[in-house]
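The structure appears below as structure tokens.
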Amino acid sequence: MENRTTAILVGMSGGLDSTYAAYRYKALGYQVSGAVLRMSAETDIAAAQSAADQVGIPLEVIDAQDAFDRHVKTYFVQAYANGQTPNPCVECNRYVKIALLCERAKALGIPRVSTGHYARVMQDETSGRYFVRAAEDRRKDQSYVLWQLPQWMLSMLDLPMAALDKTEVRRHAQEIGFTAAASKESQDICFLPDGDYISFVERRLGKTFPRGDFIDASGKVVGQHAGIIRYTVGQRKGLGISLGHPVFVTKIDAVRNCVHLAPAGQEYAGTVTVEGLNFQRLPPEALTVGLPVRVKIRYAAPPASAVVASVCGDRIEVRFDEAQRAVTPGQSAVFYDPEESRDVLFGGRIIG
Numbered sequence: 005m006e007n008r009t010t011a012i013l014v015g016m017s018g019g020l021d022s023t024y025a026a027y028r029y030k031a032l033g034y035q036v037s038g039a040v041l042r043m044s045a046e047t048d049i050a051a052a053q054s055a056a057d058q059v060g061i062p063l064e065v066i067d068a069q070d071a072f073d074r075h076v077k078t079y080f081v082q083a084y085a086n087g088q089t090p091n092p093c094v095e096c097n098r099y100v101k102i103a104l105l106c107e108r109a110k111a112l113g114i115p116r117v118s119t120g121h122y123a124r125v126m127q128d129e130t131s132g133r134y135f136v137r138a139a140e141d142r143r144k145d146q147s148y149v150l151w152q153l154p155q156w157m158l159s160m161l162d163l164p165m166a167a168l169d170k171t172e173v174r175r176h177a178q179e180i181g182f183t184a185a186a187s188k189e190s191q192d193i194c195f196l197p198d199g200d201y202i203s204f205v206e207r208r209l210g211k212t213f214p215r216g217d218f219i220d221a222s223g224k225v226v227g228q229h230a231g232i233i234r235y236t237v238g239q240r241k242g243l244g245i246s247l248g249h250p251v252f253v254t255k256i257d258a259v260r261n262c263v264h265l266a267p268a269g270q271e272y273a274g275t276v277t278v279e280g281l282n283f284q285r286l287p288p289e290a291l292t293v294g295l296p297v298r299v300k301i302r303y304a305a306p307p308a309s310a311v312v313a314s315v316c317g318d319r320i321e322v323r324f325d326e327a328q329r330a331v332t333p334g335q336s337a338v339f340y341d342p343e344e345s346r347d348v349l350f351g352g353r354i355i356g
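Using the numbering used here, the first residue of the sequence shown is number 5, and each one after it goes up by one.
In structure tokens:
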């Protein structure tokens, strides 16, 4: 983040991180404009406007409701209907939030865009490829949700929060007097303020998910589940069944309307199958069998050492050095450089 006079469009949510990002750019002499994306009825336009006013920048409202409905809400519903566990933030960043910011910036002749994500965009000196590098504070790192960004978006994106400590950011924002300093951490599912994803999915589909069979590791029916939408791989609590020993969800079969269970230990998997790959630091032609990687299979998981075991078109199988718990279809698998473990090589969606 250099001290230079240039124009930049900052995505403003009204929260602390985007407010502080805009403040930093303005303090460095950038020509800063703000944009808030109206994604749903839950979008707090007033908070974004208040934040922009306090920073002292103009704010534009971009109507993103159609794109958000098509790329995020519809995807979210279909994933659950197929027995998967979706990550809507990944889709939103790729197809709505950063995509629309970049498109609007290009239309305005603004060369750069920014958000308050805790990560950094880098460029490989040899290949020229852009990639996301994890934030220094791994507890706040958001590189996992940025793996889908293509090269053209990454080439426009600046992320100024990577080296900052969130506690210090909040303290400084309080000293400045920003209202956003008192804001809470953003919710995982912004369009579900009550967290009731089951009712949301069933309303969108116009149906209730029926009961079905719980199947144990031997293939025996051991009870009835309350609808596949209520379960996720790795789940133990809230199953509504007692078998005399702890059991975990290991598979959700939407076609047969079955939820498979297994005793403790069998919720671990030695491999993961991934498709829908998007390449960042690693050029596509460099993806080969035997490639060592470190892979995150969920947002809060630490990267695990692994090796690419097979490549078939846009689908790969990766073998872990140590079996991983709850490899969940629908979630993202993000692959990092095994030596510089903060650099995103590529990512994909888990299918098994």
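Think of the CB as a built atom: it goes at the ideal place given N, C-alpha and C, for glycine as much as any other residue.
ask   = From V338, R98, D21 and Q335, pick the residue whose C-alpha is nearest to that of T171; which is it?
value = D21
ask   = Can the beta-carbon of A337 be found closer than 7 Å to that of G352?
value = yes
ask   = Ends of the alpha helix (DSSP H) at Y34?
value = Where Y34 is concerned, there is no enclosing alpha helix (DSSP H), given that its DSSP letter is neither H nor E.
ask   = Starting from S118 and walking both ways along the beta strand (DSSP E), at which residues does that stretch end?
value = R116 to S118
task = Take Y235 and list the residues in its own chain whose beta-carbon comes closer than 8 Å to its own, dropping the five residues that flank it on each side.
result = H229, L243, V253, I256 and V263
query = On the three-state DSSP scale, how would you describe L247?
reply = coil
request  = Could you tell me whether the region 115-123 touches the region 10-21, using the rule of 3 or more Cβ pairs below 8 Å?
outcome  = yes
request  = Answer yes or no: do Q146 and A177 have a C-beta to C-beta separation smaller than 7 Å?
outcome  = no
key: Pick from F135, R298 and T332 that is closest to S345, judged by C-alpha positions   = R298
query = With C-beta atoms as the reference, is V81 less than 7 Å away from V205?
reply = yes
DSSP state of T275 mapped onto helix, strand, coil = strand
message = For the region 155-164 against the region 96-114, do three or more pairs of beta-carbon atoms, one drawn from each stretch, fall closer than 8 Å, so that the two count as touching?
response = yes
query = Which value, in whole angstroms, describes the spacing of the CA atoms of G64 and R215?
reply = The amino acid at residue 64 is misidentified as Gly; the sequence shows Glu. Distance between the alpha carbons of E64 and R215 is about 47 Å.
request  = Please classify P250: is it buried, with 16 or more other beta-carbons within 10 angstroms of its beta-carbon, or exposed?
outcome  = exposed
request  = Look up M126 in the DSSP assignment and give the residues it is bridged to.
outcome  = F135
ask   = If we count the other Cβ atoms within 10 Å of its Cβ and call it buried at 16 or more, is P28 buried or exposed?
value = The question names Pro, but residue 28 is Arg in the sequence shown. Classification of R28: buried, given that the 10 Å Cβ count is 16 or more.
query = When the Cα atoms are used, what is the spatial distance from R207 to Y201?
reply = 10 Å
message = Assuming Y79 is part of the beta strand (DSSP E), what are its boundary residues?
response = Element bounds for Y79: not the beta strand (DSSP E) but the alpha helix (DSSP H), T78 to A85.
query = Is the region 37-49 touching the region 137-145, taking contact as three or more C-beta pairs under 8 Å?
reply = no
query = Would a C-beta distance cut-off of 7 Å place I233 and Y84 closer than the cut-off?
reply = yes
query = Based on the DSSP secondary-structure assignment, which residues constitute the bridge partners of L104?
reply = In the DSSP output, where bridge partners are listed per residue, L104 has none listed.
message = When you compare the region 124-138 with the region 263-277, are there three or more beta-carbon pairs, one atom per stretch, that lie closer than 8 Å?
response = no
task = Put L20 into one of helix, strand or coil per three-state DSSP.
result = helix
inquiry  = Here's the rule: buried if 16 or more other CB atoms are within 10 angstroms of the residue's CB, otherwise exposed. What is I245?
reply    = exposed
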